[in-house]
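Engineer: Here's a structure for you.
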Amino acid sequence: MEKIKKYSKVIYILWLRQLKRYSRSRARMVGSLAQPTLFLVAMGFGFGPIFQKAGGGNYIQFLAPGIIAMSIIFTAMFGGMEVIYDRQFGFLKETLVAPVPRWTIMLGRTLGGATVSTAQGLVVFFIALLVGFRPENIFTAPLALIYMALIATSFTALGTAIASTMEDMQAFPLVMNFLIMPLFFLSGALFPLTGLPKAIQLIIRINPLSYGVDGIRGILSHQMHFTFHTDLFILLAFTLATLAAGSYLFSKIEV
Amino acid sequence: MNIITVKNLVKKFDDRPAVDDISFDVKKGEIFAFLGPNGAGKTTTIKMFTTLLKPTSGQILINGFDPTTNSDDVRQSFGIIFQDPSLDDELTAFENLEFHGVLYNVPKKIRRARIEELLKIVELEKRRDDLVKEFSGGMKRRLEIARGLLHHPQIIFLDEPTLGLDPQTRNHLWSYIKDMNQKEGITVFFSTHYMEEADRMSDRIAIIDNGKIVAEGTAEKLKADTASATLEDAFLKLTGKAIREEGANAVDKLRTMGRIWRR
Ligand SMILES: Nc1ncnc2c1ncn2[C@@H]1O[C@H](COP(=O)(O)OP(=O)(O)OP(=O)(O)O)[C@@H](O)[C@H]1O
Ligand SMILES: [Mg+2]
């Protein structure tokens, strides 16, 4: 009991730290909203007519859930990779010698990063409303938060896991270009999965983000490729796996 | 009773030994000085004690626990002031302290009282709500000192705690540490390059050079053994007069140069 209380306090304080850091960095906030807004406007209006002609319906309805997911995965991965900044600025040491198991530190950081990314996704949802997006059912729309939170948690944990094995920021662009970008573009966030070449279909099926996008889109726009159960199950499994890998790698850090 | 036991400890970085087969003990309640030229292996040793680095070989017992297998128990036993920066720049001075207090499970009442007391000691009470990134180097160092003393563990590791501090703060710091040591029996393990400080404060000293312990004992013994009037002379006789640049990394080199310029 005593332990649970102690651990939850530690998790809480690390969660709070991530939130404070984020809320104090205006540049980061604005920067991370500019990109999804640009995508919504440029792609939404740019491809809208073609999409409609091809019989896909209103493109904004299709696109907005994908862009919400995009903003979450970007913020989440960057949040997780803050471990590298903390290592370089030295603060990581301070948390690594704390008198608690390192997984509590990792969990606190991850939940903090996940909260920030989910909030970010929510803001993008409201921006989408301004661009003309309309959820099919306003009462069930909040259920999308479940899928958003799962994407946020799993990708923050993934970012943490990767960052735990890195000494400095050098490898950051590699992760960006060879992991985050492909994950996003090959997730069905931008285009429907039907009628794609087999190889691409396969990649999209392996990509956990696809199930997040699908879940959010199912709830907000009533369009789905998989089922809610499949989406939920795969995202939960992925979240647990990334949390486990993240805790393991984080607890092995040497500075 | 020994609270720290080290046997044949080795740490190699890419086959280059930074700590080369050292063995020594620290008794419970002792103030122990760990001295040595730049790059001698002091910080590396402390990092192995505090679960931040894994030894290449050898044994360590901290408060009866092995850092490699019982790291959680070891971390319950000590506090540390690092040589290198370790603050969160995006938080205020108070937040850094509060964060540390919660992390170390210091009960709220004691935590708040100690934060006030320590902010006074390091003369930062007026800047408590300012972001750390707005602080000068010396102010940051003072805040780290305050943070390191916020909880009272069984052992406290101080890696060059007085580096960059003004004499006033140095005095306050040492009287606080002496007090902790005498009233609560906290073991103090510190490194420093100020020989006079080591002479005055420590019960016992170990000198490490090129990863090996070259001398051990009280300040009096080291002086007597080398027929020196001061600890500084004894230190120079034991470790030679050459500046340690060989094998030092860029940071070490800069630091060494900084010290030369400051003289
Ligand atoms: N992460 C690392 N990778 C490679 N070499 C390292 C690493 N950390 C330390 N070293 C090397 O180990 C040796 C001992 O370094 P250490 O930091 O322990 O010295 P120190 O006694 O604390 O010196 P100083 O008085 O300058 O703080 C040095 O040669 C240093 O270059
Ligand atoms: Mg050092």
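Protein sequence lines correspond, in order, to chains A and B.
In terms of numbering that gives the first Met the number 0, the first sequence has 184 at position 185, counting the first letter as 1, and numbering is strictly consecutive.
In terms of numbering that gives the first Met the number 0, the second sequence has 195 at position 196, counting the first letter as 1, and numbering is strictly consecutive.
By construction, the Cβ of each residue, glycine as well, lies at the ideal position given by its N, Cα and C atoms.
Measuring only the C-alpha atoms, how far is S201 (chain B) from L221 (chain B)?
Structural biologist: Approximately 12 Å between the Cα atoms of the pair.
Engineer: Can you find a C-beta in chain B that's less than 8 Å from the C-beta of R108 (chain A)?
Structural biologist: Judged by the 8 Å Cβ criterion, R108 (chain A) is not in contact with chain B.
Engineer: With a CB to CB cut of under 7 Å and the five nearest residues on each side skipped, what residues in its chain are close to V255 (chain A)?
Structural biologist: Only positions 0 to 254 of chain A appear in the structure, and residue 255 (chain A) is not among them; the question remains open.
Engineer: Is it buried or exposed for D19 (chain B), if we count other Cβ within 10 angstroms and need 16 for buried?
Structural biologist: Buried: at least 16 other Cβ atoms inside 10 Å.
Engineer: Looking at the secondary structure, which residues open and close the beta strand (DSSP E) in which A32 (chain B) lies?
Structural biologist: Its beta strand (DSSP E) spans residues I30 to L34.
Engineer: Kindly list, in the order they appear in chain A, the residues whose Cβ is closer than 9 Å to that of E89 (chain B).
Structural biologist: Here the neighbours are R16, K19, R20, R23 and S24.
Engineer: Quick check on this structure: which residue in A:G89, A:L13 and A:L234 has the alpha carbon closest to the alpha carbon of E94 (chain B)?
Structural biologist: Nearest of A:G89, A:L13 and A:L234 to E94 (chain B), Cα basis: A:L13.
Engineer: Using a Cβ cut-off of 8 Å (strictly closer), state whether Y103 (chain B) contacts chain A.
Structural biologist: Yes - at least one Cβ of chain A is within 8 Å of the one on Y103 (chain B).
Engineer: Tell me whether the beta-carbon of M76 (chain A) lies closer than 8 Å to the beta-carbon of F154 (chain A).
Structural biologist: Yes, the Cβ-Cβ distance between M76 (chain A) and F154 (chain A) is below 8 Å.
Engineer: Which residues mark the beginning and the end of the beta strand (DSSP E) in which V130 (chain A) is found?
Structural biologist: Where V130 (chain A) is concerned, there is no enclosing beta strand (DSSP E), although the alpha helix (DSSP H) it sits in stretches over R101 to V130.
Engineer: Can you pull the chain A residues whose beta carbon is under 7 Å from the beta carbon of F98 (chain B), in chain order?
Structural biologist: Simply I12 and R16.
Engineer: With hydrogens ignored, establish whether the beta-carbon of G163 (chain B) is closer than 7 Å to any heavy atom of ligand 1.
Structural biologist: No; taking the cut-off as 7 Å, the Cβ of G163 (chain B) has no heavy atom of ligand 1 nearer than that.
Engineer: On a CA-only basis, which of B:V25, B:D87, B:I206 and B:L148 is nearest D129 (chain B)? Give me that one, please.
Structural biologist: Of the listed residues, the one whose Cα sits closest to D129 (chain B) is B:D87.
Engineer: Output, in sequence order along the chain, the residues in the segment 53-75 of chain B whose CB is closer than 7 Å to any CB in chain A.
Structural biologist: Result list: K53, D71, R74 and Q75.
Engineer: Excluding the 5 residues preceding and the 5 following F31 (chain B) in the sequence, name in chain order all residues of the same chain whose CB lies nearer than 6 Å to its CB.
Structural biologist: Excluding residues within five positions, the ones whose Cβ falls inside 6 Å are V25, F188 and R203.
Engineer: Which one of B:F81, B:L118, B:K108 and B:A226 has the shortest CA to CA distance from K46 (chain B)?
Structural biologist: If we check each option's Cα against that of K46 (chain B), B:F81 comes out closest.
Engineer: Using only Cβ atoms and a threshold of 7 Å, which residues come within that distance of a heavy atom of ligand 2? Order them by chain position.
Structural biologist: Per the Cβ criterion, the list is B:K41, B:T42, B:Q82, B:D158, B:E159 and B:S190.
Engineer: Compute the Euclidean distance between the alpha carbons of P172 (chain A) and T44 (chain B), then round it to the nearest angstrom.
Structural biologist: Approximately 34 Å, taken between the alpha carbons.
Engineer: Any beta-carbon of chain A closer than 8 Å to the one on F81 (chain B)?
Structural biologist: True, the Cβ-Cβ gap to chain A drops below 8 Å.
Engineer: Cβ of F12 (chain B) within 7 Å of any heavy atom in ligand 1?
Structural biologist: Yes, since a heavy atom of ligand 1 falls inside the 7 Å radius drawn around the Cβ of F12 (chain B).
Engineer: Starting from the Cα of D167 (chain A), find the closest Cα among A:L32, A:P48, A:E81 and A:K19 and give me that residue.
Structural biologist: Comparing Cα-Cα distances from D167 (chain A) to each of A:L32, A:P48, A:E81 and A:K19, the minimum goes to A:E81.
Engineer: Roughly how many whole angstroms lie between the Cα atoms of I161 (chain A) and Q181 (chain B)?
Structural biologist: Approximately 45 Å between the Cα atoms of the pair.
Engineer: What are the boundary residues of the alpha helix (DSSP H) that includes G158 (chain A)?
Structural biologist: Counting along the chain, the alpha helix (DSSP H) containing G158 (chain A) begins and ends at A143 to S163.
Engineer: With distances taken between CB atoms, is the gap from L18 (chain A) to V99 (chain A) smaller than 8 Å?
Structural biologist: Cβ atoms of L18 (chain A) and V99 (chain A): not closer than 8 Å.
Engineer: Is the CB of L32 (chain A) under 8 Å away from at least one CB in chain B?
Structural biologist: Cβ-Cβ to chain B under 8 Å: no for L32 (chain A).
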